Amino acid sequence: MDSKVYDEEQHEEIVQLSDQKPKLTIAKILLLELLMISPVIWVLFFLWVLKMPLGCQLAFQIITLLAIPLISLQIQNQHYSKLIKTDFYISEIIYGLLFLICSFLATVIFGYFVFQYYDILDYEAIKTLKGSKFSLILALTLLSITNPFLEEFFWRVYLPDQYIKHEEINYNEQLKWYLALHYALYHFFVIYFFTKLFIISLIGFIMIAIGGRIFFITRDRFGLLTTSLFHMGVDMGIVAMAIYKIPLNGE
């Protein structure tokens, strides 16, 4: 049995709550905007200034992706399970595993050919990173295992719900691209730190924004579990390339 289509569920909720939805205030816009750019703050502070990739991952995942959404849902008397809308159907798992394998292979193959022709990494910047071998491996583990599930809930479920609660906002292309661009923004600064190449960072930003929009498609059509596994395949591919190209000696 297939999971319900997210677009249809959102439309039904919008119809049912259309007379109850409040207006989107400037204060709420600013709070959501600050929340969406908080990953940039973590990257600049922990990665650029402190040179601590593990600290960046922990702050991003624990504060931005987990604590703030759960606290705000508690304040709004909502439970996260009502947003997830998945019963862990077998089809979600099967499609998710297929997407995971394909996205992993595509990421590794793409990265391999990029590095075959042009090594884009700034190894001097990489040498400045602080932390033991264990902390670097832990940061990569968090990136590949917990990050996909938390990010998909945050960007593709929690944030859309926060916007469509208001009468001015619908679950449409404009909202999806708006969130996808914010999703890609902090990646620009991560890529620039590791490459010091503006054009590569800009290309990465565009590709990741498109990827964020694709994640919306898989989330709407197949469910949150499927798109989280899809996302995991990409992150695992990035981690595989990092292990291949970056010495994990913490020096």
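Using numbering that gives the first Met the number 0, the first residue of the sequence shown is number 0, and each one after it goes up by one. We put the beta carbon where it would ideally sit given N, CA and C, even for glycine. This one's a predicted model, so the numbers in the text were calculated from it and none came from an experiment.
Practice task
Determine the direct distance from the alpha carbon of V233 to that of I108, and round the result to whole angstroms.
Solution key: As a position in the sequence shown, residue 108 is number 109, starting the count at 1. As a position in the sequence shown, residue 233 is number 234, starting the count at 1. C-alpha separation (whole angstroms): 11 Å.
Exercise for the section: Tell me whether N181 sits in a helix, a strand or coil according to DSSP, three-state version. Expected result: If you number the sequence shown from 1, residue 181 lands on position 182. Here residue 181 turns out to be His, not Asn, going by the sequence shown. H181: helix per DSSP, three-state reduction.
Practice task
Measure the Cβ-Cβ separation of S131 and L53 and say whether it is below 7 Å.
Solution key: The residue given as residue 131 occupies position 132 in the sequence shown. The residue given as residue 53 occupies position 54 in the sequence shown. Not closer than 7 Å, so no.
Exercise for the section: Would you kindly check if the distance between the Cβ of L228 and the Cβ of G95 is under 7 Å? Expected result: Within the sequence shown, the letter at position 96 stands for residue 95. Within the sequence shown, the letter at position 229 stands for residue 228. Cβ atoms of G95 and L228: closer than 7 Å.
Handout entry: Three-way DSSP call (helix, strand, coil) for M51 in this model
Key = Residue 51 sits at position 52 when you count from the first residue of the sequence shown. Reduced to three states, the DSSP call for M51 is coil.
Problem - alpha helix (DSSP H) segment containing K252, residue limits - result: Since the first residue of the chain shown is 0 and the last is 250, residue 252 is not available in this structure.
Practice task
Determine the contact status of L99 and M231, defining contact as a CB-CB distance below 7 Å.
Solution key: Here residue 99 refers to the residue found at position 100 when the sequence shown is read from its first residue. Here residue 231 refers to the residue found at position 232 when the sequence shown is read from its first residue. Closer than 7 Å, so yes.
Exercise for the section: Label H186 either buried or exposed according to how many other C-beta atoms from any shown protein chain fall within 10 Å of its C-beta, with 16 as the threshold for buried. Expected result: In the sequence shown, counting from the first residue as 1, residue 186 sits at position 187. So H186 counts as buried.
Problem - the ligand ATP heavy atom lying under 6 Å from the CB of A179 - result: As far as ligands go, the structure on display features none, and thus does not contain the ligand ATP.
Exercise for the section: Tell me whether S134 sits in a helix, a strand or coil according to DSSP, three-state version. Expected result: Position 135 of the sequence shown, counting from 1, holds the residue named residue 134. Reduced to three states, the DSSP call for S134 is helix.
Exercise for the section: With a 10 Å radius around its C-beta and 16 neighbouring C-beta atoms as the bar for buried, classify F153 as buried or exposed. Expected result: In the sequence shown, residue 153 corresponds to position 154, counting from 1. It is buried - the Cβ of F153 has at least 16 other Cβ atoms within 10 Å.
Problem - Cα-Cα separation between L128 and M51, rounded to whole angstroms - result: Reading the sequence shown from its first residue, position 129 is the one you call residue 128. Reading the sequence shown from its first residue, position 52 is the one you call residue 51. Looking at the two C-alpha atoms, the distance is approximately 6 Å.
Exercise for the section: Select from A183, F188 and L33 the residue whose C-alpha is nearest the C-alpha of I207. Expected result: Indexing the sequence shown from 1 puts residue 207 at position 208. The residue with the shortest Cα to Cα distance from I207 is A183.
Handout entry: Identity of the residue in M35, N171, H181 and L139 nearest I209 by Cα
Key = Residue 209 sits at position 210 when you count from the first residue of the sequence shown. When each option's Cα is compared against that of I209, the closest is H181.
Handout entry: Rounded Cβ spacing between M235 and S143 (contact assumed at less than 8 Å)
Key = On the sequence shown, position 236 is the one that residue 235 refers to. On the sequence shown, position 144 is the one that residue 143 refers to. With a Cβ gap of about 5 Å, M235 and S143 count as contacting.
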